[in-house]
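Student: Got a structure for you, questions after.
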Amino acid sequence: SGSMEPAFHRGDLLFLTNRIEDPIRVGEIVVFRIEGREIPIVHRVLKIHEKQNGDIKFLTKGDNNAVDDRGLYKRGQHWLEKKDVVGRARGFVPYIGIVTILMNDYPKFKYAVLFFLGLFVLVHRE
Amino acid sequence: LRKNLEDFTGPRERSDLGFVTFDITADILNGKSGLQAIFDWNVKQLFLYLSAEYSTKNNALNQVVLWDKVMLRGDNPKLFLKDMKSKYFFFDDGNGLKGNRNVTLTLSWNVVPNAGILPLVTGSGHVSVPFPDTYETTKSY
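Which chain is which? The protein sequence lines are A and B, in order. Residue 6 in full-length UniProt numbering is what sits at position 6 of the first sequence, and the numbering runs on without skipping anything. Residue 16 in full-length UniProt numbering is what sits at position 16 of the second sequence, and the numbering runs on without skipping anything.
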């Protein structure tokens, strides 16, 4: 949806990591699921409260939204937790939506695209 | 300046609510960290945010974004903001702002490229904001 514009738009492809040991900090873009809902949401972390033992509760907000995500969470739910996180956005390629459709229909095309994207990320890291 | 109110944006418990006003002077093109050309050919925008970080009895680490801004390529890269109020309510999870001398404000930004990696960068300056030991009961803000 348009809630993270102008950074991301519909059809952009995000690269995610999901390392449990990565700490959740404000400013990061996380992909999370709300219990009972299938569609994951990609928003930015606005607030965190972390205990000594690593238990963390945090709040998110779409860059382009006027208010934080509390209205989206489950009824009575005020915070997200580590278990709700599906991944962390580390990079992206714009407008790739059409390519994912092609990749589904033509597997050989999918392998070629993954190969070249892998190269792109490696080169960019320098 | 600090009050103790029900956090009406979320859990209905009495928590500390902090009020901070701040100035931001930043020159993104010639940043202190020496990055001459942050807005290079592959940078679409910067997502800037001012966050407060502190520790309390309840929580070892708290981070609260007080203000944020999208700076597009082509926008004026100099920030000269004075007497800004925070964009978001600065509620603590509990009463940990009272007398807290160690609240640190830092300016950071997420570099959003046209395509590629999304790094988070923290600015090299930071400011300490000590909160008073008493609650403010007047309606001023």
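Note that CB positions come from ideal geometry on N, CA and C, so glycine has one too.
Using a Cβ-Cβ distance under 8 Å, would Gly87/A count as near chain B?
Tutor: Locating residue 87/A in the first sequence gives position 87, where the first residue counts as 1. Chain B, which has no Cβ nearer than 8 Å to the Cβ of Gly87/A, makes this no.
Student: With a threshold of 6 Å on Cβ separation, who are the neighbours of Val93/A within its own chain once the five nearest residues in sequence on each side are excluded?
Tutor: Looking up residue 93/A in the first sequence gives position 93. So the qualifying residues of the chain are Leu13.
Student: Which residues in the same chain as Asn95/B place their Cβ atom closer than 6 Å to its Cβ, once the five residues preceding and following it in sequence are excluded?
Tutor: As a working note, residue 95/B is residue 95 in the second sequence. Around Asn95/B: Asp16.
Student: Out of Phe47/B, Phe91/B, Trp109/B and Asn110/B, point me to the one whose CA is closest to Tyr54/B's CA.
Tutor: As a working note, residue 54/B is residue 54 in the second sequence. Considering only alpha carbons, the answer is Phe91/B.
Student: Tell me which residues of the stretch 100 to 118 of chain B have at least one Cβ-Cβ distance to chain A shorter than 9 Å, keeping chain order.
Tutor: Flagged, chain order: Ser108, Trp109, Asn110, Val112, Pro113, Asn114, Ala115, Gly116, Ile117 and Leu118.
Student: So what does DSSP say about Ser51/B, is it helix, strand or coil?
Tutor: Position 51 of the second sequence, counting from 1, holds the residue named residue 51/B. In this structure, Ser51/B counts as strand in the three-state DSSP scheme.
Student: Going by C-alpha distance, which of Leu46/A, Gly11/A and Ala112/A is nearest Lys69/B?
Tutor: Looking up residue 69/B in the second sequence gives position 69. Lys69/B has its Cα closest to that of Leu46/A, out of Leu46/A, Gly11/A and Ala112/A.
Student: So, using beta-carbon positions, are Met71/B and Gln45/B closer together than 8 Å?
Tutor: Reading the second sequence from its first residue, position 71 is the one you call residue 71/B. Reading the second sequence from its first residue, position 45 is the one you call residue 45/B. Taking 8 Å as the Cβ cut-off, Met71/B and Gln45/B qualify as a contacting pair.
Student: On the DSSP letters alone, give me the boundaries of the alpha helix (DSSP H) that Phe39/B sits inside.
Tutor: As a working mapping, residue 39/B is identified with position 39 in the second sequence. Element bounds for Phe39/B: n/a, residue is neither H nor E.
Student: Between Gly27/A and chain B, is the shortest Cβ-Cβ distance under 8 Å, so that the two count as touching?
Tutor: Taking the first sequence and counting its residues from 1, one reaches residue 27/A at position 27. Yes, contact with chain B.
Student: State the CB to CB distance for the pair Gly118/A and Thr17/A, rounded to an integer number of angstroms; the pair is presumed to be in contact (CB under 8 Å).
Tutor: As a first step, residue 118/A is located in the first sequence; it is residue number 118 there, counting from the start. As a first step, residue 17/A is located in the first sequence; it is residue number 17 there, counting from the start. In fact, because the Cβ distance is near 14 Å, the residues do not count as touching under 8 Å.
Student: From Asn59/B, Thr25/B and Leu48/B, pick the residue whose C-alpha is nearest to that of Asn53/A; which is it?
Tutor: Counting from one through the first sequence, the residue named residue 53/A turns up at place 53. Considering only alpha carbons, the answer is Asn59/B.
Student: Indicate whether at least one CB of chain B lies closer than 8 Å to the CB of His9/A.
Tutor: The count along the first sequence starts at 1 and reaches residue 9/A at position 9. So no, His9/A is outside the interface.
Student: Kindly list, in the order they appear in chain A, the residues whose Cβ is closer than 8 Å to that of Asp93/B.
Tutor: Looking up residue 93/B in the second sequence gives position 93. Neighbours of Asp93/B on chain A, chain order: His49 and Lys57.
Student: Identify whether Gly18/B lies in helix, strand or coil by the three-state DSSP scheme.
Tutor: On the second sequence, position 18 is the one that residue 18/B refers to. Residue state, collapsed to three classes: strand.
Student: Grab me the residues of Trp79/A's own chain with a C-beta within less than 7 Å of its C-beta, minus the 5 sequence neighbours each way, in chain order.
Tutor: The residue given as residue 79/A occupies position 79 in the first sequence. Answer for Trp79/A: Lys57, Phe58 and Leu59, listed in chain order.
Student: Please report the Cβ distance between Met103/A and Val42/A, rounded to the nearest whole angstrom; I am assuming they are in contact, meaning their Cβ atoms lie under 8 Å.
Tutor: The count along the first sequence starts at 1 and reaches residue 103/A at position 103. The count along the first sequence starts at 1 and reaches residue 42/A at position 42. Contact flag wrong, Cβ pair sits at about 20 Å.
Student: Among residues of its own chain, excluding the 5 on either side of Asp68/A, which ones have a beta-carbon nearer than 6 Å to its beta-carbon?
Tutor: Against the first sequence, residue 68/A aligns to sequence position 68. Cβ within range, chain order: Leu46, Leu59 and Lys61.
Student: Under the assumption that Leu81/B contacts Asp23/B (Cβ atoms under 8 Å), give the Cβ distance between them as a whole number of angstroms.
Tutor: Reading the second sequence from its first residue, position 81 is the one you call residue 81/B. Reading the second sequence from its first residue, position 23 is the one you call residue 23/B. Sure, about 6 Å apart at Cβ, within 8 Å.
Student: Determine the burial state of Glu21/A: buried for a count of at least 16 other Cβ atoms within 10 Å of its Cβ, exposed for fewer.
Tutor: Within the first sequence, the letter at position 21 stands for residue 21/A. Glu21/A should be labelled exposed.
Student: Any C-beta of chain A within less than 7 Å: which residues of the stretch 39 to 69 of chain B qualify?
Tutor: Going along the stretch 39 to 69 of chain B in chain order, one finds Gln45, Phe47, Tyr49, Ser51, Asn59, Ala60, Leu61, Asn62, Gln63, Val64 and Val65 with a Cβ nearer than 7 Å to chain A.
Student: Mapping DSSP to helix, strand and coil, what is Pro6/A?
Tutor: What you label residue 6/A is simply residue 6 of the first sequence in a count that begins at 1. Residue state, collapsed to three classes: coil.
Student: Between which two residues does the beta strand (DSSP E) harbouring Phe131/B extend?
Tutor: As a working mapping, residue 131/B is identified with position 131 in the second sequence. It is not in any beta strand (DSSP E) - Phe131/B carries neither H nor E in the DSSP assignment.
Student: In terms of alpha-carbon separation, which member of Ile117/B, Pro130/B and His126/B lies closest to Asn42/B?
Tutor: Position 42 of the second sequence holds residue 42/B. Ranking Ile117/B, Pro130/B and His126/B by Cα distance to Asn42/B puts Ile117/B first.
Student: Per DSSP, which residues does Ala112/A bridge with? Please list them.
Tutor: Start at 1 with the first residue of the first sequence, and residue 112/A comes out as number 112. Note: Ala112/A sits in no beta bridge, so no partner.
Student: What residues in its chain sit with their C-beta under 6 Å from that of Glu35/A, if we drop five residues either side in the sequence?
Tutor: Residue 35/A sits at position 35 when you count from the first residue of the first sequence. So the list reads Lys74, once near-sequence residues are dropped.
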